[in-house]
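Visitor: What follows is a structure written as structure tokens; I'll ask about it next.
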Amino acid sequence: MTTPDIAARRVLGAIAALVVGTLTLSACGGNASADANTDNKGGSNATAKTSTAKITISAKDGATNASINSTGVKVSDGKLTDVKMTVSGSGEAVDGAISADGGSWKPKEQLERGTKYQISATAKDSSGKTAAANSIFTTVTSSNSFIGTYTPDNGTTVGVGMPVSFNFDKVISDKKAVQSHITVTSSSGQQVVGHWFGTQRLDFRPQEYWKAGSKVTMKIDLDGVQGANGVYGVQKKTVTFTIGRSQVSTVDVNTQTMTVVRDGQTYKSLPISSGSPEHTTYNGQMVISEKFTQTRMNSQTVGLGGEYDIPDVPHAMRLTTSGTFIHGNYWYNKSNPPFGQTGTSHGCVGLADVQGAQGATNAKWFYDNSLIGDVVIVKNSPDKTVAPDNGLNGWNLGWSEWTAGSAA
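Below you can see the structure in the form of structure tokens.
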């Protein structure tokens with residue numbers, strides 16, 4: 013999952029509107045709305061023909077909410093000859109490049125939020141006459157912008173149950189504006205609809221699981237979109253991921269077995285140990301959201317006091333945010349293994365394993381044969397159905413309920 017700090021460097025976006033300034037005659041550089049045209053000798057000459065080159069700096073001089081991504085320079089009726097961009101105050105140069113045709117310039121990397129910059133640009137028209145433009149501006153601040161941490165990541169291959177899920181770092185009051193600037197499409201042609209869980213989470217999924225082998229494209233166009241009063245998006249990016257083979261595994265608490273179905277065919281049946289009568293396992297459709305070869309599990313983190321603290325739980329795969337995993341168990345009673353017999357866990361689904369995550373165990377087999385986004389269904393547990401926002405588990409909402417949560 014992409015973290016907010018990482019996303020802030022990876023994602024693209026902008027909020028500064030493209031402002032075309034009217035060029036006026038001047039011997040020295042003006043701002044973005046007052047470009048200078050000079051004769052070939054460099055001095056002002058009111059009677060001389062002025063340059064026809066028109067320079068546009070996208071960030072208006074004096075702007076305080078300029079784009080961190082699309083700030084740049086363009087010229088019409090001429091070619092750029094030089095562009096310098098620096099951090100105001102320190103004078104640190106910002107690398108950039110003029111396009112091959114001389115018509116535009118842009119920074120090589122995303123700008124920093126909440127930073128003051130200066131751009132000075134010159135261009136010449138076909139007659140060799142020079143035009144110049146300058147702009148001093150500040151990029152949008154973190155407090156006046158929002159980003160969405162999303163999953164899955166670009167280029168990944170995921171299971172058929174994987175939703176697209178955004179978690180925004182600010183409360184979104186204009187849900188329609190934000191949702192309408194994120195589109196998710198599939199090569200399978202399945203209709204994909206967004207659903208809001210509260211004011212900071214937006215998930216997308218089709219009515220049924222994704223078609224195996226399909227390609228999903230997510231277009232994030234939140235550049236300048238106002239998500240709340242005075243708070244604007246800074247992301248503009250296209251993300252694609254692939255749906256792998258179909259794998260849906262069903263845990264039957266009555267029989268303490270898990271049946272793995274791949275591409276519609278029963279692939280394997282494994283004995284498991286679900287939650288005990290005191291700590292039952294949720295029913296419902298749950299999506300694997302994280303995988304850990306080994307991880308620590310401490311009962312205090314899930315509100316169970318000091319009942320357990322296991323530093324090296326092997327082959328653990330998260331099913332809920334609240335702490336439900338399907339994982340290996342090496343601490344079971346070797347003289348009376350519970351797998352296939354009885355539920356002994358604190359709500360997780362356990363598979364036979366060995367300490368150190370080594371060996372040809374059932375837990376290792378399932379871990380090696382599972383993808384992020386695979387579905388694990390639990391049935392016949394005395395517990396309730398898992399909440400759809402507890403993990404990536406929106407499949408527990410019917411289609412009419414899902415679409416009712418759309419703002420688009």
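Using our numbering, read the sequence shown as starting at 13 and increasing by one per residue. Cβ coordinates follow ideal geometry from the N, Cα and C atoms, glycine included.
1) How many whole angstroms separate the CB atoms of Val196 and Phe216, which I take to be in contact at a CB cut-off of 8 Å?
2) Please determine if the segment 287 to 294 and the segment 359 to 373 are in contact, where contact requires at least 3 C-beta pairs separated by less than 8 Å.
3) Rounding to the nearest angstrom, what Cα-Cα distance links Thr135 and Ile80 in this structure?
4) Gly25 to Lys248, Cα distance in whole Å?
5) Compare the C-alpha of Thr271 against each of Ile389, Thr333 and Gly406 and name the closest.
6) Within 10 Å of its beta-carbon, does Asn405 have 16 or more other beta-carbons around it, so buried, or fewer, so exposed?
7) Tell me the DSSP bridge mates of Ile11?
8) Report buried or exposed for Ala112, applying the criterion of at least 16 other Cβ atoms within 10 angstroms of its Cβ.
9) Given a cut-off of 7 Å, decide if Lys141 and Ala419 are closer than it, judged by their beta-carbon atoms.
10) With DSSP run on the structure shown, which of helix, strand or coil describes Thr163?
11) Could you tell me if Val101 is buried or exposed, where buried requires 16 or more neighbouring beta carbons within 10 angstroms of its beta carbon?
12) Thinking C-alpha only, which one of Ala71, Thr68, Glu220 and Ile159 is nearest Thr415?
13) Please state whether DSSP places Gln130 in a helix, a strand or coil.
14) For a quick check, are the C-beta atoms of Ser281 and Thr269 less than 7 Å apart?
15) What are the boundary residues of the beta strand (DSSP E) that Lys231 is part of?
16) Could you check how far apart the C-beta atoms of Gly385 and Ile300 are, in whole angstroms? I think they sit under 8 Å.
17) Going by Cα to Cα distance, which pick from Ile69, Thr267, Lys223 and Val95 is closest to Thr354?
18) Excluding five sequence neighbours on each side, which residues of the same chain lie with their C-beta closer than 6 Å to the C-beta of Pro326?
19) For Ser382 and Ile338, what's the separation of their Cα atoms in angstroms?
20) Nearest by alpha-carbon distance to Gly160: which of Ser70, Ile67, Pro349 and Gly245 is it?
21) For Gly403, does the count of other Cβ atoms within 10 angstroms reach 16, so buried, or fall short, so exposed?
22) Buried or exposed: Ala105, going by 16 or more other Cβ atoms within 10 Å of its Cβ?
23) CB-CB under 6 Å to Val314, same chain, minus the five flanking residues each way: which ones, in chain order?
24) Below 8 Å on the Cβ atoms is my contact criterion, and I expect Val183 with Gln212 to pass it. Report the Cβ-Cβ distance as a whole number of Å.
25) Does the Cβ of Thr59 have 16 or more other Cβ atoms within 10 Å, making it buried, or fewer, making it exposed?
26) Buried or exposed: which applies to Thr153, given that a residue is buried once 16 or more other Cβ atoms fall within 10 Å of its Cβ?
27) Could you name each continuous beta strand (DSSP E) segment of 3 residues or more that falls completely within the segment 66 to 138, going from the start of the chain to the end?
28) Here's the rule: buried if 16 or more other CB atoms are within 10 angstroms of the residue's CB, otherwise exposed. What is Trp407?
29) Could you check the C-alpha separation between Ser147 and Val260 for me, to the nearest Å?
30) Within this structure, are the beta carbons of Ala78 and Phe178 separated by less than 7 Å?
31) Taking the CB atoms as reference points, tell me whether Gln130 and Thr163 lie closer together than 7 Å.
32) Does Lys346 come out as helix, strand or coil in the three-state DSSP assignment?
33) Please name the residue or residues paired with Lys303 in a DSSP beta bridge.
34) According to DSSP, is Lys61 helix, strand or coil?
35) Could you tell me the alpha carbon to alpha carbon distance between Trp117 and Lys66, rounded to whole angstroms?
36) Let's test the definition: count the other Cβ atoms within 10 Å of the Cβ of Asn374 and tell me whether it reaches 16, buried, or not, exposed.
Guide: Short version:
1) Here residue 196 corresponds to residue number 184 of the sequence shown, with the count starting at 1. Here residue 216 corresponds to residue number 204 of the sequence shown, with the count starting at 1. The pair is a contact, with the Cβ atoms about 4 Å apart (cut-off 8 Å).
2) yes
3) Translated into positions along the sequence shown, residue 135 becomes position 123. Translated into positions along the sequence shown, residue 80 becomes position 68. The question names Thr, but residue 135 in the sequence shown is Ala. Roughly 24 Å between the two C-alpha positions.
4) The residue given as residue 25 occupies position 13 in the sequence shown. The residue given as residue 248 occupies position 236 in the sequence shown. Residue confidence is low: Gly25 scores 39 on pLDDT, short of 50, so the model does not pin down where it sits. Its coordinate-derived value is still stated next. Using only the alpha carbons, I get a separation of about 4 Å.
5) Indexing the sequence shown from 1 puts residue 271 at position 259. Of Ile389, Thr333 and Gly406, the residue nearest in Cα terms is Ile389.
6) As a first step, residue 405 is located in the sequence shown; it is residue number 393 there, counting from the start. Answer is buried; the Cβ neighbour count reaches 16.
7) A query on residue 11 cannot be resolved here, the shown segment of the chain reaching from 13 to 420 and no further.
8) In the sequence shown, counting from the first residue as 1, residue 112 sits at position 100. Exposed, since its Cβ has fewer than 16 Cβ neighbours within 10 Å.
9) Looking up residue 419 in the sequence shown gives position 407. Looking up residue 141 in the sequence shown gives position 129. Contact flag unset, no.
10) Stepping through the sequence shown from its first residue, residue 163 is reached at position 151. Thr163: strand per DSSP, three-state reduction.
11) In the sequence shown, residue 101 corresponds to position 89, counting from 1. The question names Val, yet the displayed sequence has Gly at residue 101. Per the 10 Å Cβ criterion, exposed.
12) What you label residue 415 is simply residue 403 of the sequence shown in a count that begins at 1. It is Glu220.
13) Against the sequence shown, residue 130 aligns to sequence position 118. Gln130 falls in the strand class under three-state DSSP.
14) Residue numbering aside, residue 281 sits at position 269 when the sequence shown is read from its first letter. Residue numbering aside, residue 269 sits at position 257 when the sequence shown is read from its first letter. Contact flag set, yes.
15) Taking the sequence shown and counting its residues from 1, one reaches residue 231 at position 219. First-last of the beta strand (DSSP E) with Lys231: Lys227 to Asp233.
16) By 1-based counting over the sequence shown, the position of residue 385 is 373. By 1-based counting over the sequence shown, the position of residue 300 is 288. That belief holds up - the Cβ atoms of Gly385 and Ile300 are roughly 7 Å apart, short of 8 Å.
17) Residue 354 sits at position 342 when you count from the first residue of the sequence shown. Nearest option by C-alpha distance: Thr267.
18) As a position in the sequence shown, residue 326 is number 314, starting the count at 1. Correct list, in chain order: Gln306, Gly340, Asp365 and Ala369.
19) As a working mapping, residue 382 is identified with position 370 in the sequence shown. As a working mapping, residue 338 is identified with position 326 in the sequence shown. Cα to Cα, Ser382 sits roughly 11 Å from Ile338.
20) Within the sequence shown, numbered from 1, the residue matching residue 160 stands at position 148. Of the candidates Ser70, Ile67, Pro349 and Gly245, the one whose C-alpha sits nearest the C-alpha of Gly160 is Gly245.
21) Against the sequence shown, residue 403 aligns to sequence position 391. Classification of Gly403: buried, given that the 10 Å Cβ count is 16 or more.
22) Translated into the one-based positions of the sequence shown, residue 105 becomes position 93. Around the C-beta of Ala105, fewer than 16 other C-beta atoms lie within 10 Å, and the residue is accordingly described as exposed.
23) Reading the sequence shown from its first residue, position 302 is the one you call residue 314. So the qualifying residues of the chain are Gly335.
24) Here residue 183 refers to the residue found at position 171 of the sequence shown. Here residue 212 refers to the residue found at position 200 of the sequence shown. Contact flag correct, Cβ pair sits at about 6 Å.
25) Taking the first residue of the sequence shown as position 1, residue 59 is located at position 47. Bear in mind that the predicted position of Thr59 carries a pLDDT of just 35, short of 50, making it too unreliable to give a figure here.
26) The residue labelled residue 153 in the question sits at position 141 within the sequence shown. Flag for Thr153 reads exposed.
27) Fully enclosed beta strand (DSSP E) runs of 3 or longer: 66 to 69, 85 to 88, 91 to 99, 108 to 110, 116 to 119 and 128 to 136.
28) Position 395 of the sequence shown, counted from the start, is the residue given in the question as residue 407. Flag for Trp407 reads buried.
29) Position 135 of the sequence shown, counted from the start, is the residue given in the question as residue 147. Position 248 of the sequence shown, counted from the start, is the residue given in the question as residue 260. Taking the straight line from one Cα to the other gives about 57 Å.
30) Against the sequence shown, residue 78 aligns to sequence position 66. Against the sequence shown, residue 178 aligns to sequence position 166. Not a contact, by the Cβ cut-off of 7 Å.
31) Translated into positions along the sequence shown, residue 130 becomes position 118. Translated into positions along the sequence shown, residue 163 becomes position 151. No.
32) The count along the sequence shown starts at 1 and reaches residue 346 at position 334. Three-state DSSP puts Lys346 in coil, outside helix and strand.
33) In the sequence shown, counting from the first residue as 1, residue 303 sits at position 291. In DSSP, Lys303 forms a bridge with Met329.
34) For this step, residue 61 is matched to residue 49 along the sequence shown. DSSP places Lys61 in coil when its eight states are reduced to three.
35) Here residue 117 refers to the residue found at position 105 when the sequence shown is read from its first residue. Here residue 66 refers to the residue found at position 54 when the sequence shown is read from its first residue. Distance between the alpha carbons of Trp117 and Lys66 is about 14 Å.
36) Your numbering for residue 374 matches position 362 in the sequence shown. By the 10 Å Cβ count, Asn374 comes out buried.
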